[in-house]
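Take the position in the sequence shown, starting the count at 1, then add 58; the result is the number in this note's numbering. Every residue, glycine too, gets a C-beta built ideally from N, C-alpha and C. As the structure is a computational prediction, the values presented were derived from the model and not from experiment.
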Amino acid sequence: MAAGGGRKVVCITSGGTTVPLEQRCVRYIDNFSSGHRGAAAAEYFIEAGYAVVFLYRIGSVLPYTRSLPDEPLLECLELDDDSNIRVRKSCAEAVKKYHAAVAGNLLIKLPFTTIFEYLQMLQIVAQAMKPLGRYAMLFLAAAVSDFYIPWQSMAEHKIQSASGPLDMRLVQVPKMLSILRTEWSPLAFCISFKLETDSKILLEKADMALRKYKMHMVVANELQTRKEEVIVVTLDEKIPVHRDKSQPDSDVEQPLVELIVDKHSTYINNHR
């Protein structure tokens, strides 16, 4: 992976990981995440001139599809006065932007489902971005499982309900952020996310993650207000970012990406 002409590259992780309960998986534990934030951010990073590696959960929201209806095929089409089928203007614009990004080598999508797939692919992508140095960015918005069942501890086949109550021991997922920062892509600009349901502990937890894993930024968001506002935590400041409520179609991701792009540029320029 090379930064042709000094182009900046961001790996965005998006959506939630699953924890299989069996090796031949029928049941699993899932992490809540629609993938909307990652998909929206991808669009804004491309607008800002970045190339995007989009590491996403299968079935989560994808770039340029978040504005489409839930049942896109029929809802994206309409009939004209002569009963000819045509694509609705709003949908056509999304398709146009998507194909322009792909044709310009500005978007590549890599799917995952399980925690195992996610961690393996994150390592591969981060190591591939290592030669980019400070022109690389990792925007780690995926909802990653905190606990899992090691492969060797799983039942091979479907767990039978006739066996009665199920007792299961989960262990902590290895924390890979420190390895990412020190080995996989040590010069990349790294942003992680901290989601909590309790606002009283949110900033404390974000600050702990920032220092423990040596992130450049942690985006702190509360479950109930995550679509309206976030707080960007750095070593020096805590920056509130709000959706522009005067614009009905606005989102918090646009000002968030604008802030991150500015901070990334400063990070690059300060080390030239």
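Evaluate Val-84 with the Cβ neighbour count: other Cβ atoms within 10 Å of its Cβ, from every protein chain shown; 16 or more gives buried, anything less gives exposed. exposed
Within this structure, are the beta carbons of Ile-70 and Val-119 separated by less than 7 Å? no
If you draw a straight line from the C-alpha of Asp-265 to the C-alpha of Val-291, how long is it? 7 Å
Compare the beta carbon distance of Ala-184 and Ser-72 with 7 Å and say whether it is the shorter of the two. no
Does the region 278–298 come close enough to the region 306–324 to have 3 or more Cβ pairs within less than 8 Å? yes
Let me know the secondary structure DSSP gives Asn-279 once reduced to three states. strand
Any chance you could list the alpha helix (DSSP H) runs of at least 4 consecutive residues sitting entirely within the region 223–293, in chain order? 257–271
Element boundaries [beta strand (DSSP E), containing Ile-217]: From DSSP, Ile-217 is part of no beta strand (DSSP E); its letter is neither H nor E.
Under 7 Å, do Ala-100 and Pro-121 count as touching if we go by C-beta distance? yes
From the DSSP secondary-structure annotation, give me the bridge partner or partners of Ile-87. Val-77
Minimum C-alpha distance to Arg-65 - residue among Thr-255, Leu-190, Pro-232: Leu-190
From Pro-298, Ser-92, Met-273, Lys-154, residue whose alpha carbon lies closest to that of Thr-240: Met-273
Along the chain, where does the beta strand (DSSP E) containing Val-145 start, and where does it finish? 143–145
Could you tell me the boundaries of the beta strand (DSSP E) in which Glu-136 lies? 135–137
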